[in-house]
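Contents: one structure, followed by commentary.
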Amino acid sequence: MSALGANWWKRGAGNRNLQVGLAMLAVLLLAGAIGPWLVRWDPIEIDFAVALQRPGAAHPFGTDELGRDVLARVLAATFVDLKVVAVCVVLPFFIGSLIGLASGYYGGWFDLALMRLVDILLAFPHYVLVIAIVGSLGPGIANLYLAFALVVWISFARIVRAEVLVARRAEYAQAARLLGYGHARVMLRHILPNVITPAIIFMMSDVVLTILAVTSLGFLGLGIQPPTPEWGLMIAEGRTFLQDAWWISVFPGLAIVYVGITFTVLGEGLDDFLRPKG
Amino acid sequence: MNAAVGSPLLEVEDLRVRFTTPTLDLTAVDGVSFRIEAGEVFGLVGESGCGKTVTCRALIRLFGGSPPSAIGGAVRFAGRDLAALDDGAWSALRGSEISMIFQDPMTSLNPTMRVGTQIAEVLQRHRGLTAREARAAAIEMLASVGVSAAERRHLDYPHAFSGGMRQRVLIAIALACRPKLLIADEPTTALDVTVQDQILKLILTLRNDTGMSVLLVTHDIGVIAQTCDRVAVMYAGNIVESGTTAEVVKRPAHPYTRALLAALPAHTRRGDKLRPIDGEPPNLAAPPAGCRFHPRCSFAVSACREVVPPAIEVEAGHRCACLRAGEIG
Amino acid sequence: MKFVWFLLGRLLQLVPVLIGITAVAFLLLRVMPGDPATLMLGARGNAEDIAALTRQLGLDRPLLQQYVGFLGDVATGSFGLSIASRRAVGAELLDRLGPTLALVGLSTLIAVALTVPLALLSAVRRGRWADHAIKLVFIAAMSMPAFWLGLLLVLLLSIAVPVFPVSGYGDGFLGHLHHLVLPSLVIGLGTAALTIRALRSSIIGVLGADYIDTARAKGLPERSVLWRHVLRNSLMSSISILAVHTSWVIGGTVVVETVFGIPGLGHLLVSSIAARDYPVVQGLTVTFALLVVAINLLADVAYVAVDPRLTLS
Numbered sequence: 001m002s003a004l005g006a007n008w009w010k011r012g013a014g015n016r017n018l019q020v021g022l023a024m025l026a027v028l029l030l031a032g033a034i035g036p037w038l039v040r041w042d043p044i045e046i047d048f049a050v051a052l053q054r055p056g057a058a059h060p061f062g063t064d065e066l067g068r069d070v071l072a073r074v075l076a077a078t079f080v081d082l083k084v085v086a087v088c089v090v091l092p093f094f095i096g097s098l099i100g101l102a103s104g105y106y107g108g109w110f111d112l113a114l115m116r117l118v119d120i121l122l123a124f125p126h127y128v129l130v131i132a133i134v135g136s137l138g139p140g141i142a143n144l145y146l147a148f149a150l151v152v153w154i155s156f157a158r159i160v161r162a163e164v165l166v167a168r169r170a171e172y173a174q175a176a177r178l179l180g181y182g183h184a185r186v187m188l189r190h191i192l193p194n195v196i197t198p199a200i201i202f203m204m205s206d207v208v209l210t211i212l213a214v215t216s217l218g219f220l221g222l223g224i225q226p227p228t229p230e231w232g233l234m235i236a237e238g239r240t241f242l243q244d245a246w247w248i249s250v251f252p253g254l255a256i257v258y259v260g261i262t263f264t265v266l267g268e269g270l271d272d273f274l275r276p277k278g
Numbered sequence: 279m280n281a282a283v284g285s286p287l288l289e290v291e292d293l294r295v296r297f298t299t300p301t302l303d304l305t306a307v308d309g310v311s312f313r314i315e316a317g318e319v320f321g322l323v324g325e326s327g328c329g330k331t332v333t334c335r336a337l338i339r340l341f342g343g344s345p346p347s348a349i350g351g352a353v354r355f356a357g358r359d360l361a362a363l364d365d366g367a368w369s370a371l372r373g374s375e376i377s378m379i380f381q382d383p384m385t386s387l388n389p390t391m392r393v394g395t396q397i398a399e400v401l402q403r404h405r406g407l408t409a410r411e412a413r414a415a416a417i418e419m420l421a422s423v424g425v426s427a428a429e430r431r432h433l434d435y436p437h438a439f440s441g442g443m444r445q446r447v448l449i450a451i452a453l454a455c456r457p458k459l460l461i462a463d464e465p466t467t468a469l470d471v472t473v474q475d476q477i478l479k480l481i482l483t484l485r486n487d488t489g490m491s492v493l494l495v496t497h498d499i500g501v502i503a504q505t506c507d508r509v510a511v512m513y514a515g516n517i518v519e520s521g522t523t524a525e526v527v528k529r530p531a532h533p534y535t536r537a538l539l540a541a542l543p544a545h546t547r548r549g550d551k552l553r554p555i556d557g558e559p560p561n562l563a564a565p566p567a568g569c570r571f572h573p574r575c576s577f578a579v580s581a582c583r584e585v586v587p588p589a590i591e592v593e594a595g596h597r598c599a600c601l602r603a604g605e606i607g
Numbered sequence: 608m609k610f611v612w613f614l615l616g617r618l619l620q621l622v623p624v625l626i627g628i629t630a631v632a633f634l635l636l637r638v639m640p641g642d643p644a645t646l647m648l649g650a651r652g653n654a655e656d657i658a659a660l661t662r663q664l665g666l667d668r669p670l671l672q673q674y675v676g677f678l679g680d681v682a683t684g685s686f687g688l689s690i691a692s693r694r695a696v697g698a699e700l701l702d703r704l705g706p707t708l709a710l711v712g713l714s715t716l717i718a719v720a721l722t723v724p725l726a727l728l729s730a731v732r733r734g735r736w737a738d739h740a741i742k743l744v745f746i747a748a749m750s751m752p753a754f755w756l757g758l759l760l761v762l763l764l765s766i767a768v769p770v771f772p773v774s775g776y777g778d779g780f781l782g783h784l785h786h787l788v789l790p791s792l793v794i795g796l797g798t799a800a801l802t803i804r805a806l807r808s809s810i811i812g813v814l815g816a817d818y819i820d821t822a823r824a825k826g827l828p829e830r831s832v833l834w835r836h837v838l839r840n841s842l843m844s845s846i847s848i849l850a851v852h853t854s855w856v857i858g859g860t861v862v863v864e865t866v867f868g869i870p871g872l873g874h875l876l877v878s879s880i881a882a883r884d885y886p887v888v889q890g891l892t893v894t895f896a897l898l899v900v901a902i903n904l905l906a907d908v909a910y911v912a913v914d915p916r917l918t919l920s
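Protein chains in written order, with the numbering used here: chain L, 1 to 278; chain R, 279 to 607; chain A, 608 to 920.
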């Protein structure tokens, strides 16, 4: 990518945030991919005989009220949650970026109308809207995707639009137009690569916000349904046993925190990498 | 008054200021010495980057976000050795005995505080005045620097003042506690020419009224000629010439000083071309060997590249650091 | 007098936004797949009930007419009747408003109490261990889901060491306060994680300003410089930072109230969704949006009061 510049390897080498973030991400993906195979317990199999066991040698994270190994469930839930989060981030990213690009580039009534719409939608707390939409449509993954797509695109649209407004006046854009390139081509091939960076960086923070939102929905019973292991769901299930078996709720939460830290650190590293200052 | 009759108010001996970062090692001030007597206006002139601002800041140890890694040499003020002061002593000294005004009046005042309050603050800090007393004194100060309708204007915020007026306010703040020394770093550079004149006259008037000394730092030798009793010319971290203003301006001994004067519009006769100085100031992280000015000097000889010229006395009180000082005339 | 005009002007600007808010809330139900009445009654209803409900809610009338009717309802403060409780939705909302406002208020206080000193410390000791430590702690805090953090706090401060109640709202002012501490801590910590970073940047910017040089050159002790000059100028950004995160705070009440059993608007949202009580859901979405708008308006008013450079024009 031209935006990366010639010495991207060197820039990456000195960037500790980026390295740590990527390492944490690698561990996360590995845990999700091969973790379930390494742990010999089945995450869904019920066995009352070993219910509510404290963390120990056999069950490092203990067992829940149905005798299921918590570690196995936490690992199994990894890709469940990550997959949902990925879609719920990437979909709005595409939709929002394209709309923001068009809006900033063409301006006019389209842009005006869009900004009004954004103002209105911004008045609703993101989370309330998502819940209301999911609540109305009913639980289920597809509805989850729809709800996030309908609500989160705004953030990306605003970011991209702001960048486009600046880039539109830049020399390379004017030059491209003078050369006779059509609007679409100038937008997509010339402006887009230069304005997409902040949106990509924001994607990292959005992952953190989304994992919190998705697991919250799971906690409230509005997201992914049982018996699929899902971190939020597991925390909700453990709530009744908080006093006697705290591990059921605590460990899935730690997994969520790990994901959050990973992407926060990764986001900072990416920011320094893509937008080096001074 | 001073510690002893005859001893200067400020004595700077071999001041060195060095900045070291992982990527840079720069000696911005490399062995600067001068003295300022009580009641005199002393000018420090040189191009941007020559180290004059760093010198000022080193005198009051105020560096903001990027402090130097080493400050060497001795600075004595009214007989006191300033290197020995702790934070508390410095804070008591600044604003009451030594004051400084900075380069850009537009950004040097707190935008969310009334002008009168900013002046009163110094008085409350150093003179222990009550709020009411300080306010009255602030109004007086404001009037004395030439702000009309001071009883009304002291309640205004900085954005209600023009650049020149803000500089007056800053002078009021600096002089509220009647300091012995005022350090003025490019006080007129950011102002219009007509306003420049007014501010310089104001500084001179205040000096006459209070007997304070002024260290006036500028890149404009014309300003020096207009206001200063004595002057030191600075280049690339060194002082290359010093003496009374009259002497240095009429009979400049150092090629750099001559070039500075030649670049002034007032010094060229009609028909002559303005002659800016060729070349660029040197990189202080890797200064030229020998005399630092030699790459740009029209009088340079081979010796200039090898030997660092010592400061010699050309005439009484007039010193110059050039191997060919006597020959150029 | 100028102030009143300013306020009116702001309110007028808000009208299109307010109308838009009602439109969104209205459409929320009407564009969902399936017929609203059927959705609401779910498995409970037979054809007759559905028809009756449809007539009752006016769902058989043209969409635009329904919207106008809805607008009228909103203007008079009525959102219809709750299906679950049969009470006026407006009354339900009013009942629940108090606890939510208290929660938001206390959370904001905690957030401010955490943000100002920690942001100041981070900024002044930039790059040193205090700065890094604070950063690390809050990266972790920001990654914690509110419901989990809530449970964790309950585990530690209600079960292990019984300092605070596990759930509920309590009686009387002190009782309420006691019950609100943990939930406010949850929201406050999460908010602080975001606001500390922003305020820290702002303070660093101010620290580099020329007028801070002037303040130090006056001989003011560093503490004076920080409080009277640095913080004063960061106040503007503090307000705007807090305002921006209002939306987040209010959204946070949904989960936190549910976890702690606080009888507020957030809890109502969750329970009415579960009960498919759509008039209530609708009323709630509008109310939440109005809350955010109101707080932003307050912030605008606060800017003008704080920054002498802004006039009331």
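Where is the CB? At the ideal position from N, CA and C, for every residue including glycine.
Remember, predicted model here, so these are calculated numbers, not experimental data.
Worksheet item: Which bits of chain R does Ala822/A rub up against, with CB to CB less than 9 Å?
Response: Asn388, Gln396, Glu399
Worksheet entry | Reduced DSSP secondary structure (H/G/I, E/B, other) of Ser155/L | helix
Discussion item. List, in chain order, every chain A residue whose beta-carbon is nearer than 9 Å to that of Asp507/R.
Written reply: None at all; the shortest Cβ gap to chain A is about 24 Å.
Worksheet item: For the segment 668–725 of chain A, which segments carrying the alpha helix (DSSP H) assignment without a break, of at least 4 residues, lie completely within its bounds, in sequence order?
Response: 670–683
Fill in: Inter-residue Cα distance where the pair is Gln925/A and Ser878/A
A query on residue 925/A cannot be resolved here, the shown segment of chain A reaching from 608 to 920 and no further.
Discussion item. Taking 8 Å as the threshold (C-beta atoms), are Val586/R and Gly604/R in contact?
Written reply: no
Worksheet entry | Cβ-based neighbour list, Val186/L, same chain, cut-off 7 Å, excluding 5 preceding and 5 following | Ala173, Ala176, Arg177
Practice prompt. Could you please give the first and the last residue of the uninterrupted alpha helix (DSSP H) stretch that includes Tyr910/A?
Written response: 885–913
Practice prompt. Could you tell me which chain A residues have their CB closer than 9 Å to the CB of His126/L, listed as they occur along the chain?
Written response: Ser854, Trp855, Gly858
Worksheet item: When burial is assigned at 16 or more other CB atoms within 10 Å of the CB, is Gly180/L buried or exposed?
Response: exposed
Fill in: Inter-residue spacing [alpha-carbon to alpha-carbon] between Leu288/R and Ala816/A
29 Å
Worksheet item: Under a CB-based cut-off of 8 Å, is Ala132/L close to chain A?
Response: yes
Worksheet item: Any residues in the segment 140–162 of chain L with a beta carbon nearer than 8 Å to a beta carbon of chain A? Which ones, in chain order?
Response: none
Worksheet item: Quick one, which residues of the segment 333–347 of chain R are near chain A if we go by CB-CB under 8 Å, in chain order?
Response: Ile338, Leu340, Gly342, Gly343
Item to complete: With distances taken Cα to Cα, identify the nearest neighbour of Pro139/L among Ile880/A, Pro828/A, Ala906/A.
Response: Ile880/A
Discussion item. Any contact between the segment 858–865 of chain A and the segment 729–737 of chain A? By contact I mean 3 or more CB pairs, one from each, below 8 Å.
Written reply: no
Worksheet item: With which residues is Ile349/R paired in a DSSP beta bridge?
Response: Val295/R
Worksheet item: Within 10 angstroms of its Cβ, does Ile417/R collect 16 or more other Cβ (buried), or is it exposed?
Response: buried
Discussion item. What ranges does the beta strand (DSSP E) occupy inside the segment 478–522 of chain R, keeping only unbroken runs of at least 3 residues that lie completely in it?
Written reply: 491–496, 508–513, 516–522
Worksheet item: Can you give the beta carbon distance from Pro229/L to Val80/L, rounded, assuming they're within the 8 Å contact cut?
Response: 6 Å
Discussion item. Taking CB distances under 8 Å as the criterion, tell me whether Ile819/A reaches chain L.
Written reply: no
Discussion item. Would you say Ala802/A lies against chain L (beta-carbon separation less than 8 Å)?
Written reply: According to the sequence as given, residue 802/A is Thr; it is not Ala. Chain L contact via Cβ: absent.
Worksheet item: So, is Asn903/A buried or exposed, given that buried needs 16 or more other C-beta atoms within 10 angstroms?
Response: buried
Worksheet item: Which of helix, strand or coil does DSSP assign to Ile555/R?
Response: coil
Worksheet entry | Opposing strand residues paired with Ala462/R [DSSP bridges] | Ile379/R, Leu494/R
Worksheet entry | C-alpha distance - Ser491/R paired with Ala578/R, whole-angstrom precision | 36 Å
Practice prompt. Express the C-alpha separation of Glu411/R and Asp434/R in angstroms, rounding to a whole number.
Written response: 19 Å
Worksheet item: Would you say Ile819/A and Val793/A are within 8 Å of each other, going by their C-beta atoms?
Response: no
Worksheet entry | Residues near Phe219/L by beta carbon distance below 8 Å, same chain, minus five either side | Gly232, Leu233, Ile235, Ala236
Worksheet item: Out of curiosity, what's the CA-to-CA distance linking Leu146/L and Ser344/R?
Response: 51 Å
Worksheet entry | Same chain, Cβ closer than 7 Å to Gln225/L, neighbours up to 5 away in sequence not counted | Pro139
Worksheet item: Which term fits Asp308/R, buried or exposed, when burial requires 16 or more other beta carbons within 10 angstroms of its beta carbon?
Response: buried
Item to complete: Measure the beta-carbon distance from Cys334/R to Ala514/R and round it to whole angstroms, keeping in mind my assumption that it falls under 8 Å.
Response: Their Cβ separation, rounded to whole angstroms, is 17 Å, which puts Cys334/R and Ala514/R out of contact at 8 Å.
Discussion item. Relative to the C-alpha of Glu268/L, which candidate in Arg16/L, Gly135/L, Thr215/L has its C-alpha closest?
Written reply: Arg16/L
Worksheet item: When the Cβ atoms of the segment 440–447 of chain R are set against those of the segment 360–375 of chain R, are three or more pairs found closer than 8 Å?
Response: no
Worksheet item: What did DSSP end up calling Thr472/R once you bin it into helix, strand or coil?
Response: helix
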